[in-house]
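Residue numbers (this note's numbering): -17 to 339.
Note that CB positions come from ideal geometry on N, CA and C, so glycine has one too.
Report on one structure; see the data block that follows.
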């Protein structure tokens, strides 16, 4: 299953390091410094838009170190002159915010809920979702794990998946099987990515039309993209490029929607219905983790409800999007607001396609 990453927006995992020096100690120092630099680069790519990355200054190692909150080291191997390891680097949120804001770089910190991608491939009139001959599924499955605020989940394609939904059901937007497979993978929404391959005989190149249907919180959202290959025989490369571009555009759109707008500060008073103390503790915890929420002011609490003042950045609509990722519904009703806990969804699936076959 693709798309796994740390739930902490400011932690970067699986940073491989390999350094050689005169001594093992020196090699370790070089490797860790190199790992911190790579981790910061990956973090900034995660949080910022592509168009703004040229504004990011080149930092010396001495300037990067104060941004680091901690390092976890795994798979450590040493010799007299070489050091290898896999690092997880955690960064200080406020310091990274200061770096980005100081350089005028907009950024987002809000992770999206997982998005399940169903890659339907069509060529010569035949539609394919689960067959081994689906190169569109292969292109999505082959995408490397990336540091993204939008976890993209690719189904394993086992017998349960095959029995749950077929290509035609996915393309027609059949709500029941779409909901079942989304629940299986713990996804909020399902993206049906329909790729149609055509060969341009005059130009001698393949052309790919990709239609994206998103079902769930953004139902009936439709996007069409077109891609062209460079050689009739290079279809796999065309599919891989299309999958990367579609995924990148999904990530960019999410970041634009959730950019932190520190210049726009607001406050709203909201009622929080409660069934007990546990609910209140959970709501407070989720509110405190929302990047757009700068402060939660408790106005009143009793057994049935709490009244809070939420101080936030951006608009109420943006705040609602952020809270929804934490299973909190912000609802405006006749001039008043409420924040409600959502009911939990079903368990997610695990495993991999090869293991299940």
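N-terminal and C-terminal residue of the alpha helix (DSSP H) that residue i is part of
i	result
residue 58	Run containing residue 58: none in the alpha helix (DSSP H); it sits in the beta strand (DSSP E), 50 to 60.
residue 298	298 to 306
residue 101	It is not in any alpha helix (DSSP H) - residue 101 instead sits in the beta strand (DSSP E) that spans 97 to 105.
residue 117	117 to 123
residue 132	No alpha helix (DSSP H) contains residue 132, which DSSP labels as neither H nor E.
residue 349	The first residue shown for the chain is -17 and the last is 339, placing residue 349 beyond what the model contains.
residue 152	149 to 154
Coarse secondary structure for residue i, derived from DSSP in three states
i	result
residue 204	strand
residue 222	helix
residue 170	coil
residue -4	strand
residue 246	coil
residue 269	helix
residue 23	helix
residue 319	strand
residue 6	helix
residue 253	strand
residue 329	Note that residue 329 scores 39 on pLDDT, short of 50, meaning its location in the model is unreliable and no value can be drawn from it.
residue 241	coil
residue 324	coil
residue 228	helix
residue 79	helix
residue 84	helix
residue 17	helix
residue 263	helix
residue 157	helix
residue 138	coil
Unbroken beta strand (DSSP E) run spanning residue i, endpoints
i	result
residue 281	275 to 283
residue 342	Look at the range of the chain in this structure, -17 to 339, and you will see that residue 342 is not part of it.
Rounded straight-line distance, which links the Cα of residue j to that of residue i
i	j	result
residue 210	residue 85	37 Å
residue 335	residue 221	Only weak support exists for where residue 335 lies, its pLDDT of 38 falling under 50; the value from the coordinates is given anyway. Cα to Cα, the separation comes out at about 20 Å.
residue 5	residue 50	25 Å
residue 287	residue 319	13 Å
residue 110	residue 83	46 Å
residue 274	residue 294	5 Å
residue 33	residue -6	22 Å
residue 140	residue 163	12 Å
residue 317	residue 244	25 Å
residue 331	residue 144	Per-residue confidence for residue 331 stands at a pLDDT of 44, beneath the threshold of 50, marking its modelled position as unreliable; the derived number appears in the next sentence. Computed Cα separation, rounded: 14 Å.
residue -3	residue 71	8 Å
residue -8	residue 47	15 Å
residue 280	residue 325	24 Å
residue 277	residue 262	16 Å
residue 44	residue 63	23 Å
residue 329	residue 258	In this prediction, residue 329 scores a pLDDT of 39, lower than 50, which makes its location untrustworthy; the coordinate-derived value is nonetheless stated afterwards. Roughly 25 Å separates the two Cα atoms.
residue 35	residue 292	32 Å
residue 297	residue 305	12 Å
residue 79	residue 67	28 Å
residue 232	residue 195	12 Å
residue 219	residue 255	52 Å
residue 260	residue 284	13 Å
residue 315	residue 248	18 Å
Beta-bridge partners of residue i, as assigned by DSSP
i	result
residue 187	182
residue 39	Residue 39 pairs with nothing; no bridge assigned.
residue 30	89
residue 71	-6 and 53
residue 110	103
residue 210	189
residue 314	319
residue 165	Residue 165 is not bridged to any residue.
residue 66	0 and 59
Residue j beta carbon less than 8 Å from that of residue i
i	j	result
residue 239	residue 303	yes
residue 217	residue 207	no
residue 12	residue 21	no
residue 159	residue 147	yes
residue 152	residue 102	yes
residue 199	residue 171	yes
residue 307	residue 95	yes
residue 225	residue 122	yes
residue 289	residue 299	no
residue 90	residue 29	yes
residue 343	residue 58	Here the chain comprises residues numbered -17 to 339, so residue 343 is not present and cannot be evaluated.
residue 323	residue 312	no
residue 27	residue 129	yes
residue 197	residue 228	no
residue 169	residue 97	yes
residue 310	residue 271	no
residue 99	residue 135	yes
residue 65	residue 1	yes
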